[in-house]
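Novice: Residue numbers (the working numbering), protein chains in the order written: chain A, 1 to 139; chain B, 1 to 493; chain C, 1 to 117.
The beta-carbon is built from N, C-alpha and C at its ideal position, and this holds for glycine as well.
Values in this document were obtained by computation on a predicted structure and should not be read as measured data.
This is the structure I have questions about; it appears just below.
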Amino acid sequence: MRDNPVLRVVTKITLPLIFLFALYVQFHGDFGPGGGFQAGVIFAAGFILYGLVFGTEALRAAVPAAVLRLGIALGLMLYAGVGVVTLGLGGEYLAYGTLAHTAAHGQHLGIFLVELGVGVTVAAVMVAVFLAFAGRADP
Amino acid sequence: MIAAQLPALQVVVPLLGAPLCLLARKGNTAWALTLAISAVALLIATLLLGQVLEQGSVAYAFGGWAAPWGIEYRLDAVNAIVLLIVTGISTVVLLFAKTSVAHEIRPEQQVLFYTSWLLCLTGLLGITITGDAFNLFVFLEISSLSSYVLISLGSDRRALTAAYQYLIMGTIGATFILIGIGLLYMVTGTLNMADLAGRLPELTASRTVRTAFAFLTVGIGLKLALFPLHLWLPNAYAYAPSVVTAFLAATATKVAIYMLLRFMFSVFGAGFSFGAMPLPTLLVLLGAAAVLSASTVAIFQHNIKRMLAYSSVAQIGYMVLGMSLASSAGLTAAVLHLFNHALMKGGLFLALGCIAWRLGSVRLGDLAGLGYRMPWTMAAFVAGGLSLIGLPLTAGFISKWYLVLAALEQGWWPVVIVVVAGSLLAVVYIWRVIETAYFRDRGEPAPPVQEAPLSMLLPTWLLVGANVYFGIYTDLSVGVAGQAARVLLGTAP
Amino acid sequence: MSAAGLYNYWIVILLMMAGFYVVISSGNLVKKIVGLNLFQASVFILYISMGKVAGGSAPILREGVTQFSNPLPHVLILTAIVVGVATTALGLALVVRIREAYGTAEEDEIHQQDESL
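Below you can see the structure in the form of structure tokens.
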């Protein structure tokens with residue numbers, strides 16, 4: 001598909017917009033439909049579009065397997081780690097209120113961090129699933 | 001201070017371990033990390049059991065949100081014992097796993113294998129410890145998905161179809177459980193199990209509650225491999241890697257039995273489940289059918305893993321028979337058999353793992369004369385087999401004895417006949433293996449065979465030895481099982 | 001409560017039975033997974049439609065809105081959707097591997113190949 005000029009140009013124009021929209025959905029989960037999972041999927045969709053148009057080799061060069069593995073692990077560790085931090089600060093597991101000076105601020109910060117963790121893991125997993133399927137040679 | 005946070009740590013430690021394991025490079029590093037985390041989880045489970053035996057029940061509110069709005073972890077005698085079984089079996093099997101996995105699973109898949117193991121452990125521990133119905137569903141799916149992955153890593157290509165079949169049936173079961181939980185939420189407005197137990201008694205006439213009961217029973221029955229929903233189990237256990245079979249056979253179905261006990265007794269209440277709904281008749285019929293039909297089919301199997309898998313279906317039938325009696329003695333028997341069967345099957349499958357490692361096959365014909373070449377392994381198999389039959393001095397005898405006593409107490413003679421018949425059928429299929437291993441010649445063209453290494457023999461004998469130990473010194477296991485039965489029937493906190 | 005007022009439950013039952021039928025009757029492994037998805041979608045509709053409060057708006061805090069639908073089923077279903085996606089991905093990965101190992105994704109042909117062992 002990379003020989004088709006229309007697809008190539010349109011993809012290159014829309015990819016930044018997709019990623020920007022993904023970031024918007026990630027951070028506006030408090031105020032509208034959104035949050036970690038949806039944003040992660042949109043983010044991954046951008047990468048998958050790149051892979052579809054420019055080929056899986058180009059996608060692998062952009063996102064090496066080691067980066068994906070790191071992303072999957074780090075997102076989950078961020079989420080679980082926030083809980084461990086609140087344990088250390090004297091509350092129960094995932095008691096966000098202990099994270100900041102007031103309980104409300106703590107809730108905001110806590111949700112922000114865990115959603116970020118979810119978004120990172122989901123994006124990495126979706127791209128990894130795509131590459132695992134697409135990279136197999138047809139028998 | 002840590003003591004108060006132990007319930008959360010029980011699940012958080014393996015959950016944090018899984019991504020750490022994913023970052024490992026080599027299979028051996030991943031194995032060491034998994035073993036360490038499993039050992040820590042075992043320590044936490046032991047401490048929690050101690051807390052429960054002291055205080056009665058332990059509650060933990062996640063995130064500081066009090067129940068019933070927040071998610072609550074609730075521990076009593078029933079789930080403390082299941083936690084101990086799951087973590088204990090996981091640690092012992094992992095001791096065995098290093099050599100076995102290096103032999104059976106490709107090097108590039110080993111890190112992912114151990115990561116899935118930790119996720120499965122997280123899921124099973126989460127199901128056991130949670131006091132929130134939807135949280136139970138989430139952990140159920142975590143453990144199910146990771147067990148599909150673990151099973152599919154078997155070396156035979158039939159492991160893939162076995163994992164696929166288990167995926168389809170397991171997802172249908174989990175979705176039925178989700179429907180049941182949804183219907184309960186619709187009627188009561190709460191997801192907390194203790195709160196549901198408080199609100200359901202005045203709503204039991206409603207058809208929604210009865211439908212929820214039906215969906216939950218069928219859904220949990222699918223995960224439990226209750227006859228006739230057991231079709232996924234023989235293939236899944238036969239073609240999975242040896243350590244996976246040992247782990248799942250000793251834990252996954254036990255946790256499903258725990259789920260059934262929790263919903264039938266603690267949420268719906270024994271009065272509704274056994275009075276208004278036809279559960280006793282259903283469980284007796286299905287339990288008896290499981291014992292008799294699965295034991296019979298086991299006699300004709302050539303693959304020994306498959307034979308033991310059918311034997312597992314029969315043993316689950318015994319536990320369900322104990323549950324159907326709904327008396328203190330019946331429930332004690334069911335919980336006891338849960339504990340003893342985990343030890344029995346764990347030991348048997350580990351012994352088979354030793355044989356698979358040495359011989360590369362678990363077909364009955366290939367075991368000829370093995371009793372003299374691999375004496376310790378076959379002795380472990382024989383000891384486990386005797387426990388399966390229910391010979392005195394083994395743990396299997398204790399649980400069958402309590403089951404027969406409970407049945408006699410209620411005058412249910414057919415159940416006694418079924419238990420005895422099942423034991424006789426078990427004699428037949430265990431004798432086939434003993435006869436081939438000890439009384440048949442190895443034959444000339446067979447390559448020479450040595451005993452299994454110590455790293456594999458020790459965990460096997462640990463489980464088999466525990467079998468014999470708990471068959472002789474019964475105070476601890478019977479005491480905790482009795483306490484669990486009292487908790488379930490509501491006569492203790 | 002007339003039968004017409006309960007139309008959301010009729011839709012749930014229809015989808016559930018359709019999905020279940022596809023899982024049981026279809027011979028192709030990929031179609032079974034599609035049926036499973038349909039089956040799970042019916043459960044999502046069950047939860048969300050029961051969470052609707054008459055006269056309530058979407059459960060997002062906004063100026064000038066006083067009555068909201070129940071947000072808890074929405075949260076539960078977000079989780080259940082993720083579980084469904086993970087199950088589908090895993091199922092399809094297994095189908096890809098099965099196709100590579102057996103050469104086919106039809107259940108009866110796979111059965112034939114295994115029985116000939």
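1. Which same chain residues, not among the five before or five after B/H510, have their C-beta less than 6 angstroms away from its C-beta?
2. Quick one: residues in its chain with C-beta nearer than 8 angstroms to the C-beta of B/G70, no 5 flanking neighbours on either side, listed in chain order?
3. Using the beta-carbon of each residue, which ones in chain A are nearer than 7 angstroms to C/T72?
4. Helix, strand or coil for B/F397, going by three-state DSSP, please let me know.
5. Using a Cβ cut-off of 8 angstroms, pull out every chain C residue sitting near A/F133, in sequence order please.
6. Cβ closer than 7 angstroms: which chain B residues qualify as neighbours of C/Y47?
7. Is the stretch 7–16 of chain C close to the stretch 93–109 of chain B, with three or more CB pairs under 8 angstroms?
8. 7 angstroms is my cut-off, CB to CB: does B/Y514 come that close to chain C?
9. Going by C-alpha to C-alpha distance, which of B/S144, B/V40, B/L463 sits closest to B/A163?
10. Could you check whether the stretch 409–424 of chain B touches the stretch 317–333 of chain B, counting it as contact only if at least three pairs of C-beta atoms, one from each stretch, sit closer than 8 angstroms?
11. Using a C-beta cutoff of 7 angstroms, does C/A80 count as contacting chain A?
12. In three-state terms, what does DSSP make of B/A437?
13. From the DSSP output, in three-state form, read off C/N28 for me.
14. Which residues does DSSP pair with B/V58 in a beta bridge?
15. Closest to C/L78 by CA distance: which of A/I111, A/F130, A/P33, A/I42 is it?
16. Relative to the C-alpha of B/T253, which candidate in B/H337, B/A329, B/F215 has its C-alpha closest?
17. Do B/M456 and B/T215 count as a contact pair if the criterion is CB distance below 7 angstroms?
18. Please confirm if the stretch 113–121 of chain A is in contact with the stretch 64–81 of chain A, defined as three or more CB-CB distances below 8 angstroms between the two stretches.
19. Could you tell me how far apart the beta carbons of B/Q450 and B/R358 are, in whole angstroms, since I believe they sit closer than 8 angstroms?
20. Whole angstroms are fine: how far does the CA of B/L463 sit from the CA of B/L42?
21. Please return the same chain residues whose Cβ sits closer than 6 angstroms to the Cβ of C/G91, not counting the five positions on each side in sequence.
22. Spell out a yes or no on whether the stretch 68–84 of chain C and the stretch 193–206 of chain B are touching, meaning 3 or more CB-CB pairs, one atom from each, closer than 8 angstroms.
23. Beta carbon of B/V320: closer than 6 angstroms to some heavy atom of the ligand SAH?
24. Pairing CB atoms from the stretch 251–268 of chain B with CB atoms from the stretch 286–297 of chain B, are three or more of them under 8 angstroms?
25. Quick one: is B/P107 near chain A, going by C-beta distance under 7 angstroms?
26. Name the DSSP beta bridge partners of A/N144, please?
27. In the stretch 18–40 of chain A, which residues sit with their C-beta less than 9 angstroms from some C-beta in chain C, listed in chain order?
28. Spell out a yes or no on whether the stretch 376–396 of chain B and the stretch 459–475 of chain B are touching, meaning 3 or more CB-CB pairs, one atom from each, closer than 8 angstroms.
29. Buried or exposed for B/H230, please, with buried defined as at least 16 other CB atoms from any protein chain shown within 10 angstroms of its CB.
30. For the structure I just gave you, are there three or more beta carbon pairs, one from the stretch 240–258 of chain B and one from the stretch 150–159 of chain B, closer than 8 angstroms?
31. Does C/K135 come within less than 7 angstroms of chain B when only Cβ atoms are used?
32. Report the three-state DSSP secondary structure of B/R363 (helix, strand or coil).
33. In angstroms with no decimal places, state the Cα-to-Cα distance between B/P278 and B/A270.
34. Under a three-way DSSP split, which group does B/N192 fall into?
35. Considering only the alpha carbon of each residue, which of B/T91, B/P68, B/W31 lies closest to B/G198?
36. Using beta carbons (cut-off 7 angstroms, strictly below), is B/Q5 in contact with chain A?
Specialist: If we stick to the structure as given:
1. Residue numbering for chain B in the displayed model covers 1 to 493; residue 510 of chain B lies beyond these limits and cannot be assessed.
2. Close CB contacts of B/G70 within its chain, under the 8 angstroms cut and outside five residues either way in sequence, are with A61, F62, G63, G64 (chain order).
3. The sequence as given places Leu at residue 72 of chain C; Thr does not occur at that position. Here the premise fails: no neighbours, minimum Cβ distance about 15 angstroms.
4. DSSP places B/F397 in the helix class (H, G or I) of the three-state scheme.
5. Those are L92, A93, V96, listed as they occur along chain C.
6. Per Cβ cutoff of 7 angstroms: G182.
7. Touching, no, given that fewer than three Cβ pairs across the two stretches are closer than 8 angstroms.
8. With chain B covering 1 to 493 only, the question about residue 514 of chain B has no answer from this structure.
9. Among B/S144, B/V40, B/L463, the Cα nearest to that of B/A163 belongs to B/S144.
10. They touch, by the three-pair rule.
11. Cβ-Cβ to chain A under 7 angstroms: no for C/A80.
12. Residue state, collapsed to three classes: helix.
13. The answer is strand: DSSP assigns C/N28 an E or B state.
14. B/L75, per the DSSP bridge assignment.
15. Cα-wise, what sits closest to C/L78 is A/P33.
16. Checked all of B/H337, B/A329, B/F215; the closest Cα to B/T253 is B/H337.
17. In the sequence on display, residue 215 of chain B carries Phe and not Thr. No, these two residues do not count as a Cβ contact at 7 angstroms.
18. Touching, per the Cβ criterion.
19. The distance from the Cβ of B/Q450 to that of B/R358 is about 7 angstroms, consistent with a contact at the 8 angstroms cut-off.
20. Spanning the two alpha carbons is a distance of roughly 15 angstroms.
21. I33.
22. The stretch 68–84 of chain C is not in contact with the stretch 193–206 of chain B.
23. Summarising the ligand content, the structure contains no ligands, and the ligand SAH is consequently not present.
24. Touching, no.
25. Taking Cβ atoms only, chain A never reaches closer than 7 angstroms to B/P107, which makes this a no.
26. In the structure as shown, chain A begins at 1 and stops at 139. Residue 144 of chain A is therefore absent and cannot be evaluated.
27. Answer set for the stretch 18–40 of chain A: D30, F31, G32, P33, G35, F37, Q38.
28. By the criterion of at least three beta-carbon pairs nearer than 8 angstroms, the stretch 376–396 of chain B is in contact with the stretch 459–475 of chain B.
29. Buried, since its Cβ has 16 or more Cβ neighbours within 10 Å.
30. Yes, the stretch 240–258 of chain B touches the stretch 150–159 of chain B.
31. Past the boundaries of the shown model lies residue 135 of chain C; chain C is included only from 1 to 117, so the question cannot be answered.
32. Collapsing the DSSP output to three states places B/R363 in a strand.
33. Straight-line measurement puts the Cα of B/A270 at about 12 angstroms from the Cα of B/P278.
34. It is a strand residue.
35. Looking at the Cα atoms, B/P68 is the closest of the given residues.
36. So, interface residue.
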